Amino acid sequence: MSKLMGAIQQNRESILLNWLKDLKSAVRRRDLISDRELETQASDILAAIADAPAETTPEDFSAAGWQPLKDMLANLSVSRATQGFTPSETAIFVLSIKPSLFILARQLWGSDTTELFTEISVISEFLDKLALHTTDSYIQGRDRVIARQQEEMLELSTPVVTLWDGIVALPLIGTLDSARTQVVMESLLQAIVQTNSRFAVIDITGVPTVDTLVAQHLLKTITAARLMGAECILSGIRPQIAQTIVHLGINLEDVITKSKLSDAFRLALERSGRKVVRVERPNVASTAQLRGI
Amino acid sequence: MERIPILRMGNYLLVTIQVDMHDKLALTLQDDLTNRISEVNAKGVLIDISSLEIVDSFIGRTLANIASMAKVLDAETVVVGMQPAVAITLVELGMSLPGIRTALNVESGMEYLRETVAGHEESDDASGDDTEN
Numbered sequence: 001m002s003k004l005m006g007a008i009q010q011n012r013e014s015i016l017l018n019w020l021k022d023l024k025s026a027v028r029r030r031d032l033i034s035d036r037e038l039e040t041q042a043s044d045i046l047a048a049i050a051d052a053p054a055e056t057t058p059e060d061f062s063a064a065g066w067q068p069l070k071d072m073l074a075n076l077s078v079s080r081a082t083q084g085f086t087p088s089e090t091a092i093f094v095l096s097i098k099p100s101l102f103i104l105a106r107q108l109w110g111s112d113t114t115e116l117f118t119e120i121s122v123i124s125e126f127l128d129k130l131a132l133h134t135t136d137s138y139i140q141g142r143d144r145v146i147a148r149q150q151e152e153m154l155e156l157s158t159p160v161v162t163l164w165d166g167i168v169a170l171p172l173i174g175t176l177d178s179a180r181t182q183v184v185m186e187s188l189l190q191a192i193v194q195t196n197s198r199f200a201v202i203d204i205t206g207v208p209t210v211d212t213l214v215a216q217h218l219l220k221t222i223t224a225a226r227l228m229g230a231e232c233i234l235s236g237i238r239p240q241i242a243q244t245i246v247h248l249g250i251n252l253e254d255v256i257t258k259s260k261l262s263d264a265f266r267l268a269l270e271r272s273g274r275k276v277v278r279v280e281r282p283n284v285a286s287t288a289q290l291r292g293i
Numbered sequence: 294m295e296r297i298p299i300l301r302m303g304n305y306l307l308v309t310i311q312v313d314m315h316d317k318l319a320l321t322l323q324d325d326l327t328n329r330i331s332e333v334n335a336k337g338v339l340i341d342i343s344s345l346e347i348v349d350s351f352i353g354r355t356l357a358n359i360a361s362m363a364k365v366l367d368a369e370t371v372v373v374g375m376q377p378a379v380a381i382t383l384v385e386l387g388m389s390l391p392g393i394r395t396a397l398n399v400e401s402g403m404e405y406l407r408e409t410v411a412g413h414e415e416s417d418d419a420s421g422d423d424t425e426n
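Written out as C-alpha cells, the structure reads:
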C-alpha cells in the first residue's frame, strides 16, 4: 500500500470534514440536492477510495480494485443527471475533494518538496480521472437515450401503402415538422412514380395539431404530387382541426378534403372508374368476386 | 442551333425534352411550338419532361407560358412525367403552376388529351360556339 493511500485511510474523518466545508462554501445547487444527501455522496466516495484493496494504486486507474468506485461514480452521474445537474457540476463535485487532500499532503510531506510534489501530482491526476469518468458516464447515458429515441423516430416514419391499383395512401402519425415533411413528401412522390398511381390519399387522423406551418407543408406535398400528375385527397380531418384551419385562414379550397379515409378511398375509386358493390350471394365465392371488382 | 424536336401525331404535338433546358432553348421551344400549333391546327400538346432533372423558376414559368399560349391557340397542354425532385423544387420555388395539366406518364397524358379534345369537339358540335374548358 502506498503511503498516500495509508494516509487517506487514517485521516478519513478530517478529509471528509474539510471536503464538506469546501462543498458548502462553493457555489452549489441547494435547489437540487439537500445537505444530507451531499454528505452521504461525499462520504461514500471517500470510503470507496479509502477502502480500495491494498494492492490498488492511484496511478493505475484501470485496476480491478477501482471498479466499485467507478460503478459508484457512474451511478452518481446518472442520479445527478436526473436531478438536473450539468455534467460539469458533477465533475466539479468530485474535483472539490482536491484541496482537502492537498492539505493532508502538506501536513505529511510539507518539509520534503520533492515528495510533496510527487504525491500532489498523483492525487491530482487520479482525481481528474475520477471526474472524467463521471462525465463519460453522463455522455454514455445520453447516447443511450438518443439511440433509443432515434429508433422510436424511425418507427414513427411514415410508410406509403397501396390501397388499390393506382391508389396510394399515406397515413400520417405524429407532429409534422419541416424535416419530417421533407421525408414524407419524398417517399410519397417516389411511391407515386413507382406504383404509377393517379390518386394519393393523405390521411391526417394521427396528426395531433395542424398549424399554419403544418398546413403549408401539406399543401406543398399536395402541389408537388399534382405537378407529377397525381391527384391528392386529404382525409381524416377532425372537427377541431377543421375549426383551427378555418380560424387560421388556411385556404384548402383547391384541395379535395374528406372526413374519413374510407370516403377518400371511395372517391378515388369513383374517379378511376371503379365502384364497390355488395355481393348478391354473400356466402358463395364472395371473396373471389370482391377481388374481381 | 440546338432545338427540341416537335413531333406531330394526328391532332396532337409531342415534345420530349431529353436535354438540360437552358433559358434560350426554352424560349426557342416556346417559339417553335406556338408556330407549329397554328401551322398544323393542333388540338393537344404533350410535353414529356421525364428526363428533365433540373428546373429553375424560368423554365417553370416558360412551361406555364407555353400552356397559356397553347390555350389561346385552342390547344390543350399536358405536362407528363415530372420527376419527384423536380416537383419538390418547383414547389419550394413557390411555383405551383396552377394553369398546367399534369399526368404521370405519356400514356395517361395522351388518354387525358383524347378525352378532353373529344369532349370539346362533341360540345362544339352540339352548341357551335361552346368554349367550355
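So the protein lines, in turn, are chains A and B.
If you read the first sequence in our numbering, its first letter stands for residue 1, the second for the next number, and so on.
If you read the second sequence in our numbering, its first letter stands for residue 294, the second for the next number, and so on.
Even for Gly, the Cβ is constructed at its ideal location relative to N, Cα and C.
Note that the structure is predicted; figures quoted are calculated from it, not measured.
For Leu-269/A, same chain residues with a beta-carbon under 8 Å away, outside a window of 5 residues either side, are Trp-164, Ile-167, Lys-275 and Val-276 in chain order. Within 8 Å of the CB of Ala-319/B, no CB atom of chain A is found; the nearest one sits about 17 Å away.
DSSP lists no beta-bridge partner residue for Tyr-138/A. Within chain B, no residue has its beta carbon less than 7 Å from that of Asn-251/A; the closest one is some 12 Å off.
By the criterion of at least three beta-carbon pairs nearer than 8 Å, the stretch 137 to 151 of chain A is in contact with the stretch 75 to 85 of chain A.
In this structure, the alpha-carbon of Asn-304/B lies about 5 Å from that of Ala-335/B.
Ala-200/A: member of the beta strand (DSSP E) spanning 199 to 206, first to last residue. Among the bridge pairs identified by DSSP, Pro-171/A is matched with Asp-203/A. Glu-151/A sits in a helix when the DSSP states are folded into three classes. Residue environment analysis places Arg-36/A among the exposed positions, since fewer than 16 neighbouring C-beta atoms fall within 10 angstroms of its C-beta. The alpha-carbon separation between Ala-91/A and His-133/A amounts to approximately 9 Å. By the 16-neighbour rule on beta-carbons within 10 angstroms, Glu-119/A is buried.
Here the stretch 185 to 200 of chain A does not lie against the stretch 344 to 359 of chain B, with fewer than 3 beta-carbon pairs under 8 Å apart. For Ser-401/B, a Cβ of chain A is located within less than 8 Å of the residue's own Cβ. Assignment of Asp-51/A by DSSP, reduced to helix, strand and coil, places it in the coil class.
Between the alpha carbons of Pro-171/A and Thr-205/A lies a distance of about 8 Å. For Leu-322/B, same chain residues with a beta-carbon under 6 Å away, outside a window of 5 residues either side, are Ile-297 in chain order.
Residue contact with chain A for Val-373/B: present (Cβ-Cβ distance below 8 Å to some residue of chain A). Considering only Thr-86/A, Ile-103/A and Ala-63/A, the residue with the shortest C-alpha distance to Asn-18/A is Ile-103/A. Between Lys-98/A and Ile-49/A, the alpha-carbon positions lie close to 13 Å from each other. At least 8 Å separates the beta-carbon of Ser-331/B from that of Gly-229/A. Using beta-carbon distances, Thr-223/A counts as an interface residue toward chain B, with a partner under 8 Å. Between the alpha carbons of Leu-95/A and Leu-127/A lies a distance of about 6 Å. Inter-residue distance for Ile-45/A and Leu-73/A is about 8 Å (C-alpha atoms, whole angstroms). At least one beta carbon of chain B lies nearer than 8 Å to the beta carbon of Val-193/A. With contacts defined by Cβ atoms closer than 8 Å, Trp-109/A and Leu-101/A do not form a contacting pair. Here Ile-393/B really is in contact with Ala-360/B; their C-beta atoms are around 5 Å apart, less than 8 Å.
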